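Just below is one structure, and these are the notes that go with it.
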Amino acid sequence: ADSSTVCLVGKGIVYDTGGLALKSKDGMVGMKADCGGAAALLAAFEAAVDVGVPEGTTLHLVLCLAENAIGPGALRLDDVVTGVSGRSCEINNSDAEGRLVLADGVAHCTALPPRLPWLEQQPDLIIDMATLTGAQLVATGKRHAAVVSNLEAVELQAVAAGKLSGDMVHPLPYAPEFYRKEFKSKVADMKNSVKDRSNAQASCAANFVAEHLHPEYAGGWLHVDLAGPAFLDERGTGFGVGLTLAMLGIDGFAESPVKHG
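Per the numbering used here, numbering of the sequence shown is gapless, rising by one per residue and ending at 461.
Right, dumping it as structure tokens:
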């Protein structure tokens, strides 16, 4: 079988107050579940290990865990931080924190020379998963996650994996050349939140993450924003576990292993 290396990268904000850009008392309720992406990928990873991945597939899991809270060390709006990718970011919204940890996650996975143990070269596929934006609910609703990919083949496979697993997804535009201007900063490589919230905000958030992939990365990248389907009646749904297993071609969840090239 062909060899393939897959990295799973999950947003795990264990509680999200919004930081100094504080959420309202109603908006903050339920933010204990802002780790839905990391939780889904952890469960999928455990299931894949138990059932077995297709021959030739190597699987890595990176969980980006943090709490977004207020304290002496909290990020201030106007702070400039430098991520794992080496790119600088001006903080203009401390409640857009998930993309910051995801950016570090994908940068960690695609770094050269490789940072991950036992990773000898860049992976073939990265799947990042996050309860990232409220705009996802506007775009694709509470039953379909939004997906963004740099490769049409991976996008199509995600849609097919959603139908097989029941974790349905719908693609959003991938057009970095249209969205980079939304993050323009005079003091850093980019800001962390968009200028125009009506301009494909969920796609823009995904694009922010993709900007931190290593410049030489030539593999597939799939971003899954499951802010809507991750919750039901104030509880987590487990959405994303089956989708990931189907993308990986795990026995019982897909007809055949996914091809990334």
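Glycine is no exception: its CB is placed at the ideal position from the N, C-alpha and C atoms. Only a predicted model underlies this, so the values are computations on that prediction, with no experimental measurement involved.
Check                                                                                                                                          : Outcome
Can you tell me whether DSSP reads LYS342 as helix, strand or coil?                                                                            : coil
Pull up the distance between the alpha-carbon of PHE453 and that of SER385, whole angstroms please.                                            : 44 Å
With 16 as the cutoff for other CB atoms within 10 Å, does SER203 come out buried or exposed?                                                  : exposed
Please state the DSSP three-state secondary structure of PRO429.                                                                               : coil
If ASP324 sits next to GLY420, beta carbons under 8 Å apart, how far is it from one beta carbon to the other, in whole angstroms?              : 7 Å
Nearest by alpha-carbon distance to SER398: which of GLU382, ALA406 and THR217 is it?                                                          : GLU382
Under the DSSP definition of a beta bridge, which residues are partnered with GLY420?                                                          : LEU325
Going by C-alpha distance, which of ILE291, GLY283 and ARG287 is nearest LEU277?                                                               : ILE291
Is it the case that the Cβ atoms of MET329 and LEU413 are separated by a distance below 9 Å?                                                   : no
Do the stretch 213–231 and the stretch 400–418 make contact, defined as three or more Cβ pairs closer than 8 Å?                                : no
Decide yes or no for the touch test of the stretch 261–276 against the stretch 355–375: beta carbon pairs closer than 8 Å, at least 3 of them. : no
Have a look at ALA339, ALA346, ARG343 and LEU422 and flag the residue whose alpha-carbon is nearest the alpha-carbon of GLU352.                : LEU422
Based on the DSSP secondary-structure assignment, which residues constitute the bridge partners of MET390?                                     : CYS289
Who are the Cβ neighbours of VAL458 in its own chain at under 6 Å, not counting the five residues just before and after it?                    : Legend: pLDDT at VAL458 = 49, less than 50; position of this residue unreliable, no value from coordinates given.
In whole angstroms, what separates the C-alpha of ASP396 from that of SER403?                                                                  : 12 Å
Measure the Cβ-Cβ separation of ALA248 and LEU259 and say whether it is below 9 Å.                                                             : yes
Would VAL280 be called buried (16 or more neighbouring beta carbons within 10 Å of its own) or exposed?                                        : exposed
ASP250 lies in the alpha helix (DSSP H); which residues open and close that run?                                                               : 236–251
Among VAL354, VAL441 and LEU300, whose alpha-carbon lies nearest the alpha-carbon of MET390?                                                   : LEU300
Would you give the residue range spanned by the beta strand (DSSP E) that GLU434 belongs to?                                                   : Here GLU434 belongs to no beta strand (DSSP E), and DSSP marks it neither H nor E.
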